[in-house]
Each structure stands twice: as C-alpha cells, then as structure tokens.
Amino acid sequence: MALGVQVTFDAANPRRLAQFWALALDYEVEPEEPGQEGTLAAVADPAGQGPRLLFRRVPEERPGTGGVRLDVNASAPRPGTEQGWEQVRARVAVLTQGGATVLREVHDATGRCLVLRDPEGNEFRVR
C-alpha cells in the first residue's frame with residue numbers, strides 16, 4: 001500500500017491560497033477547523049486521488065523549507081493513536097537508514113509528527 005502525501009505550503013494568507021489552488025486544480029476547500037480560522041486552510045481532490053494541500057500561516061519564510069514541504073502520512077489509517085505513532089517511528093527508522101536526519105518532534109495544530117531533513121537538507125514531516 002502506498003503512503004498518502006500532503007503537500008504543506010507556508011503562506012501569509014492561507015485561506016486565499018487555498019481558494020486559488022482549489023480553483024486551479026478543481027479541488028474543494030475543506031471547512032476550517034474551530035480555533036484554526038486564518039491559521040490553516042486545506043484543499044482536497046474530490047475524487048480522493050490527488051494529494052491534500054495544506055496552507056499554514058507563517059510570519060515569514062522559514063529557512064530550510066523553501067516555503068513548501070511534503071508530509072508523509074505514515075500513521076494512516078490510525079493517526080493520533082499509539083499504533084499510528086509506532087508506524088511513524090518505524091517509517092522514520094527506514095528513512096534515516098536511507099540518509100535522512102531527524103531534527104525534532106513537533107506537536108502543532110495538525111498533530112504530532114517528526115521533522116526530518118532529506119539527504120540534501122530539505123525539511124519534511126512524517127505524521
């Protein structure tokens with residue numbers, strides 16, 4: 001089974017970018033989560049085949065991300081559970097053997113994840 005991918009973009013105005021990319025890709029804008037208004041926005045392929053795009057508000061571009069990153073959804077179909085977290089750690093072990101470096105664990109609005117760098121220094125997250 002292939003792992004799902006979410007592409008995450010840093011944005012000054014997440015909602016505006018979500019609306020633009022929904023229009024550009026014939027995606028649908030997902031409803032905002034309570035408490036996340038203005039900080040996160042997402043669009044999804046209504047057919048469920050393309051990657052989800054998440055736009056998150058940041059005050060400025062962060063070094064090491066280039067403004068965009070991939071989120072590897074290793075915890076599916078059990079995100080937020082101990083089993084899902086074990087799946088994340090197992091995938092991270094494989095990735096570090098392949099040349100990735102673990103930077104830190106993060107608990108943010110989208111959940112718990114590990115931030116890594118690929119062999120060329122690009123940051124990505126494993127959820």
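Okay, so the sequence shown: first residue is 1 according to the UniProt record's numbering, each after it adds one. All C-beta atoms in this analysis are idealised placements derived from N, C-alpha and C, irrespective of residue type, glycine included. Keep in mind the model is a prediction, meaning the values are calculated, not measured.
When C-beta atoms of the stretch 43-52 are compared with those of the stretch 86-103, fewer than three pairs fall below 8 angstroms, so the two segments do not count as touching. Taking C-beta atoms as the reference points, F124 and D71 count as a pair closer than 8 angstroms.
If you draw a straight line from the Cα of V7 to the Cα of G111, it is about 15 angstroms long. The stretch 59-98 contains, as complete alpha helix (DSSP H) runs of 4+ residues, the segments 82-97 (chain order).
If you ignore the 5 residues before and after R104, its C-beta comes within less than 8 angstroms of the C-beta of L114 and V115, all in its own chain and listed in chain order. Taking 8 angstroms as the cut-off, the Cβ atoms of N73 and V5 count as close. Cα atoms of A93 and V102: separation of roughly 9 angstroms, rounded to the nearest angstrom. Spatial neighbours of A76 in its own chain (CB-CB distance under 6 angstroms, excluding positions within 5 residues in sequence) are listed in chain order as G4. Here the C-alpha atom of L95 lies approximately 20 angstroms from the C-alpha atom of E82.
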